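For reference, the structure is listed below as structure tokens.
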Amino acid sequence: MRVKYIINTLLGITLANAKLIMLIRHGEKINDDYTDLSPEGQARAECLIETFGTNGIYTTPQKIYAQKPTQQRQSTRPRDTVIPLSKSLGQQVDLSFTSGKFKDLAQYIYSSPEEVILVSWGNDRIPKIAKQLGITNAPEWKGKVFDDVWILTDGKTPYLKNSSVNNNPTRSFTGTKGLNMYIHKENVEQCMRQRLSGNTSSTPVGTAGTAGTTGTTGITGNTNGNIGGATGNTNTVGNGNLGTVEQTVNDPQLSTNNSTITGNNTISEGQNTDQNLQNSGSSMIKVSTVTLVTLLSTLLYHLY
């Protein structure tokens, strides 16, 4: 590839093939301490399939380039942003150029045989790439902007595949090397919201099942309750006259604490206590009568 670039440069070959070059910034980042994509950035990367894929809004790229990570600039975000798209297209991401080699990149893709090219880069160097491609008044790419697509075209290859999408350029620029530039949007907001909602959604907690009815001899009732998307069991057990009610709610997702409600058999216990007292009183009367008869018999024996 380098040999071809040198030959093209020496011969001064200018733009010959129809050319469509699309420049995008990498997806969102957590902060400068991290080199990879944030959840929003990963969602954007996955949604780019809807933007540049086979059934996407824009013409599908024949070649994808991304900024190569280096020791000085270790960010993998430019590469990671186009990995899902490249896999969906069965392509390999070309990492031949580092961030500082944007001039070499611009010169190479300008004279490359591919007609449709996608470039994923850092926002600070994208305007410099555009200037190397003849857009001398390319604007600054703002730090908070992630959804722009800079489309450089000679007008020979349509860049919009889906004509039903209302996607007018927000700005346009006239170039000096046969390419004009139009700034469009990726149009992935709805797709990103759906993906982020799917990653962070929580299932509402359902209502626990109703306890079974307690009877005089004890009744066991089972009722299923839907808790957090999983099924929890509510078990009710009744014992004795009033019964003991035990309710347990099991939920593997929410770790719901078990609760136990117990009713004491106070009435039956009280009844048993009264009966015991009656029996005890009868026994005491019987013992006293026998003792009195014995004493009288002994006294009469000694008198006579």
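If you use mature numbering (1 follows the signal peptide of the UniProt record, and there is no 0), the sequence shown corresponds to residues -18 to -1, 1 to 286, in order.
C-beta: ideal position from N, C-alpha, C; glycine also.
Predicted model only: the values in this text are computed from it and were never measured.
N- and C-terminal bounds of the alpha helix (DSSP H) containing residue i
{"i": "Arg26", "result": "Pro21 to Phe34"}
{"i": "Ala112", "result": "Ile108 to Gln114"}
{"i": "Ala88", "result": "Phe84 to Ser93"}
{"i": "Lys45", "result": "Taken as a continuous stretch (DSSP letters only), Lys45 belongs to no alpha helix (DSSP H), being part of the beta strand (DSSP E) at Lys45 to Ala48."}
{"i": "Thr63", "result": "Arg59 to Leu71"}
Simplified DSSP state of residue i, which is helix, strand or coil
{"i": "Phe155", "result": "strand"}
{"i": "Val101", "result": "strand"}
{"i": "Leu11", "result": "According to the sequence as given, residue 11 is Lys; it is not Leu. The answer is strand: DSSP assigns Lys11 an E or B state."}
{"i": "Asp76", "result": "strand"}
{"i": "Leu161", "result": "coil"}
{"i": "Lys167", "result": "strand"}
Proximity test, Cβ basis, 8 Å: residue i and chain D
{"i": "Arg153", "result": "In the structure shown, chain D does not exist; there is a single protein chain."}
Top-ranked residue by Cα proximity to residue i, from the options
{"i": "Thr17", "options": "Glu97, Lys50 and Asp129", "result": "Lys50"}
{"i": "Gln176", "options": "Gln24, Asn(-2) and Leu5", "result": "Gln24"}
{"i": "Arg7", "options": "Leu30, Glu97 and Thr41", "result": "Leu30"}
{"i": "Leu134", "options": "Val127, Phe155, Asn119 and Asn150", "result": "Phe155"}
{"i": "Asp129", "options": "Asn162, Thr158 and Met174", "result": "Met174"}
{"i": "Val170", "options": "Asn(-2), Gly38 and Pro60", "result": "Gly38"}
{"i": "Pro60", "options": "Leu77, Gln53 and Gln73", "result": "Leu77"}
{"i": "Phe79", "options": "Ile91, Gly72 and Gln73", "result": "Ile91"}
{"i": "Ala(-1)", "options": "Gly160, Lys167, His166 and Ser179", "result": "Gly160"}
{"i": "Leu115", "options": "Val147, His166, Val101 and Gln44", "result": "Val101"}
{"i": "Thr152", "options": "Thr158, Pro121 and Gly137", "result": "Pro121"}
{"i": "Arg55", "options": "Gln74, Glu32, Thr42 and Trp103", "result": "Trp103"}
{"i": "Gln73", "options": "Gly137, Gly35 and Arg107", "result": "Gly35"}
{"i": "Asp106", "options": "Trp123, Pro95, His166 and Val98", "result": "Trp123"}
{"i": "Thr42", "options": "Val64, Gly157, Ile165 and Asn148", "result": "Val64"}
{"i": "Met4", "options": "Asn148, Ala88 and Ser57", "result": "Ala88"}
{"i": "Asp62", "options": "Pro95, Leu19, Met163 and Ser93", "result": "Leu19"}
{"i": "Ile99", "options": "Ser57, Tyr40 and Gly157", "result": "Tyr40"}
{"i": "Val147", "options": "Thr33, Thr158, Asp15 and Glu22", "result": "Thr33"}
N-terminal and C-terminal residue of the beta strand (DSSP E) that residue i is part of
{"i": "Val131", "result": "Asp130 to Thr135"}
{"i": "Thr117", "result": "The sequence given here has Ile at residue 117, not Thr. Run containing Ile117: none; DSSP gives neither H nor E here."}
Using 8 Å as the threshold, is the region 80 to 94 in touch with the region 102 to 111, meaning 3 or more CB pairs across them?
The region 80 to 94 is in contact with the region 102 to 111.
For the region 133 to 142 and the region 9 to 18, state whether three or more C-beta atom pairs, one from each stretch, are separated by less than 8 Å.
They do not touch, by the three-pair rule.
Does the count of Cβ pairs from the region 66 to 78 and the region 35 to 55 closer than 8 Å reach three?
Yes, they touch.
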